[in-house]
Amino acid sequence: MGELSAVGKILIGLGILMIIVGGLFVIGGKIPFIGRLPGDIAIQKKNFSFYFPITTCIIISIIFSLIMWLLSRR
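Note that this note's numbering has the sequence shown beginning at 1347, numbered continuously upward.
Structure, rendered in C-alpha cells:
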C-alpha cells in the first residue's frame, strides 16, 4: 500500500506542476517583455527563422533557482 501512496503523491505533484506551467503559458503571452529582452537571439531570413530567448531563459532560471533555494531553507 505504501508504494501506491507514493506513486499517487508523485502523480498529484506532476499534475499541479502541469497546471502551473500551463497557466504560465497562458499568462506569458500577455506580458510584453517576456521573450523580447535584449540578448534574445532572433534570426529571420527568406525561408528560415530561428529564435532562441537566451536572456529570458537565464532570468527565468535565476528566478526558479531563488524560489527553490528559499523553499529548501525550511
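Where is the CB? At the ideal position from N, CA and C, for every residue including glycine.
Q.
So, with DSSP's three-state summary, where would you put Ile-1387?
A. Here the question's residue 1387 lines up with position 41 in the sequence shown. Shown here, Ile-1387 sits in a strand according to DSSP, grouped into three states.
Q) Quick check: the stretch 1371-1380 against the stretch 1353-1363, are there 3 or more CB pairs under 8 Å? A) Under the three-pair Cβ rule at 8 Å, the stretch 1371-1380 does not count as touching the stretch 1353-1363.
Q) To the nearest angstrom, how far is it from the Cα of Ile-1363 to the Cα of Ile-1373? A) As a working note, residue 1363 is residue 17 in the sequence shown. As a working note, residue 1373 is residue 27 in the sequence shown. Note that residue 1363 is Leu in the sequence shown here, rather than Ile. For Leu-1363 and Ile-1373, the distance between alpha carbons rounds to 15 Å.
Q: Look at the alpha carbon of Ser-1418 and the alpha carbon of Ala-1388, and state the distance between them as a whole number of angstroms.
A: Position 72 of the sequence shown, counted from the start, is the residue given in the question as residue 1418. Position 42 of the sequence shown, counted from the start, is the residue given in the question as residue 1388. Near 36 Å, if we compare the C-alpha coordinates of Ala-1388 and Ser-1418.
Q: With DSSP as the reference, label Phe-1398 as helix, strand or coil.
A: Against the sequence shown, residue 1398 aligns to sequence position 52. Phe-1398 falls in the strand class under three-state DSSP.
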